[in-house]
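Peer 1: 2 is the number of the first residue of the sequence shown in our numbering; add one for each residue after it.
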Amino acid sequence: MVQKSFSEDQVLESLSRRGGAARMAAAGILCYVGAYVFITYDDYDHFFKDVYTLIPGVIIIAAGALLFIIGLIGCCATIRESRCGLATFVLILLLVFATEVVVVVLGYIYRAKVEDEVDKSISNVFQQYDGVNPDSASRAIDYVQRQLRCCGIHNFSDWEKTPWFIKAKNNSVPLSCCRVNALNCTGSMTRPGDLYSEGCEALVVEKLQQIMMYVIWAALAFAAIQALYLLAECRCQLDVRVTYILDFFKKTELNV
2 MVQKSFSEDQ VLESLSRRGG AARMAAAGIL CYVGAYVFIT YDDYDHFFKD VYTLIPGVII
62 IAAGALLFII GLIGCCATIR ESRCGLATFV LILLLVFATE VVVVVLGYIY RAKVEDEVDK
122 SISNVFQQYD GVNPDSASRA IDYVQRQLRC CGIHNFSDWE KTPWFIKAKN NSVPLSCCRV
182 NALNCTGSMT RPGDLYSEGC EALVVEKLQQ IMMYVIWAAL AFAAIQALYL LAECRCQLDV
242 RVTYILDFFK KTELNV
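(1) Among all the DSSP beta bridges, which residues are the ones paired with Leu92?
(2) Is Arg140 buried or exposed, if buried means 16 or more other CB atoms sit within 10 Å of its CB?
(3) Per DSSP, Ser189 is paired with what?
(4) By the three-class DSSP mapping on this structure, what secondary structure does Cys179 have?
(5) Would Leu68 and Val115 be called neighbours here (beta carbons separated by less than 8 Å)?
(6) Taking the Cβ atom as the reference point for each residue, do Leu94 and Leu231 lie within a distance shorter than 8 Å?
(7) Have a look at Ser122, Tyr130, Ile60, Ile70 and flag the residue whose alpha-carbon is nearest the alpha-carbon of Glu101.
(8) For Val34, which of Ile226, Gln227, Leu229, Met214 has the nearest alpha-carbon?
(9) What whole-angstrom Cβ distance do Phe49 and Glu161 have, given they're in contact under 8 Å?
(10) Indicate whether Thr191 and Asn171 have their beta-carbon atoms separated by less than 8 Å.
(11) Taking the alpha carbon of Phe39 as the reference point, which residue from Ile30, Asp159, Ala64, Val52 has its own alpha carbon closest?
(12) So what does Met67 bridge to, in DSSP terms?
(13) Got a sec? Which residues, its chain only, sit under 6 Å from Ile80 by beta carbon, not counting five neighbours each side?
(14) Out of Gly58, Arg24, Leu204, Ala27, state which residue places its alpha-carbon closest to the alpha-carbon of Gln146.
(15) If I measure Cβ to Cβ from Val216 and keep anything under 8 Å in the same chain, skipping five residues before and after, which residues do I get?
(16) What's the call for Ala225, buried or exposed, on a 16-neighbour Cβ count within 10 Å?
(17) Quick check: what's the CA-CA separation for Arg159 versus Ser198?
(18) What residues match up with Leu196 in a beta bridge as DSSP calls it?
(19) Is Gly132 helix, strand or coil when you go by DSSP?
(20) Could you tell me the distance, in whole angstroms, from the CA atom of Ala26 to the CA atom of Leu196?
(21) Quick check: what's the CA-CA separation for Ala78 versus Arg24?
(22) Quick check: what's the CA-CA separation for Val55 versus Tyr42?
(23) Buried or exposed for Pro175, please, with buried defined as at least 16 other CB atoms from any protein chain shown within 10 angstroms of its CB.
(24) Look up Lys114 in the DSSP assignment and say whether it is helix, strand or coil.
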């Protein structure tokens, strides 16, 4: 009977010890991905007003926090040889798995909404541009045009319809439209070779969808790893019990 208890304890202990460092690393990666969603949203929030898009980021950070917690619970349970603690460890691991599945589903839903949301907002943002006394919307446009190397909504000619362009009367676009390698660029539309030719709308949509895919793939990868981990542990426990039963019968036969 002592042998059985010892074998099961070994398996339970391995549940908390095996992959402990990997779980902590996974927690850090998930939290990083979630934080990246928030940082990017802050850069592009003028072009995308639906704050519910942040939900996958919030959930994936929560999943990372739970992974960190189960690492601590597993460690404490091993030290105290607490089966209740290790059972809690497994339950939370299952909760994290379910959470990651939810992130994948929500990620696909909000990824599909990105294009419509940007299309609704971007024209209004460009209409608010003020290059003289830049507000947050103006800074957002300049940031996007420099970072994504684009100009206007569909191309640089879109600036002709903005109040800023009409008021300036100099046939120029913002300097943020100037190509990095363009020398002495003034933003003049008479020198189109100095300006980015691609519009910003498609690139903003692509960027936001790309970030949502990072969330989806991170959640999918860790969900798959956790599923394999749980299956391996179940198999391990089953093998221990089968081995114990076989040893028991062998000893019984020898005693007979």
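Idealized CB from N, CA, C, for every residue including glycine. Since we're looking at a predicted model, the values are computed, not measured.
Peer 2: Taking the coordinates as given:
(1) Bridge partners of Leu92: none, in fact.
(2) exposed
(3) Ser173
(4) strand
(5) no
(6) yes
(7) Ile60
(8) Met214
(9) Wrong, their Cβ atoms sit about 25 Å apart, outside the cutoff.
(10) no
(11) Val52
(12) It should be noted that the sequence gives Leu, not Met, for residue 67. For Leu67, which the question treats as bridged, DSSP gives no partner whatsoever.
(13) Interpretation of Ile80 is limited by its pLDDT of 44, a score under 50 that renders its predicted location unreliable; no figure is taken from the coordinates.
(14) Leu204
(15) Val34, Gly35, Val38, Pro57, Gly58, Ile61, Val104, Gly108
(16) exposed
(17) Note that residue 159 corresponds to Asp in the displayed sequence, not to Arg. Those two C-alpha atoms are separated by around 11 Å.
(18) Cys179
(19) coil
(20) 43 Å
(21) Low local confidence applies: a pLDDT of 49 at Ala78 is under 50, so the model's placement there is unreliable, with the coordinate-based value given in what follows. Computed Cα separation, rounded: 16 Å.
(22) One point to set straight first is that residue 55 is Leu, not Val, in the sequence displayed. Approximately 8 Å between the Cα atoms of the pair.
(23) buried
(24) helix
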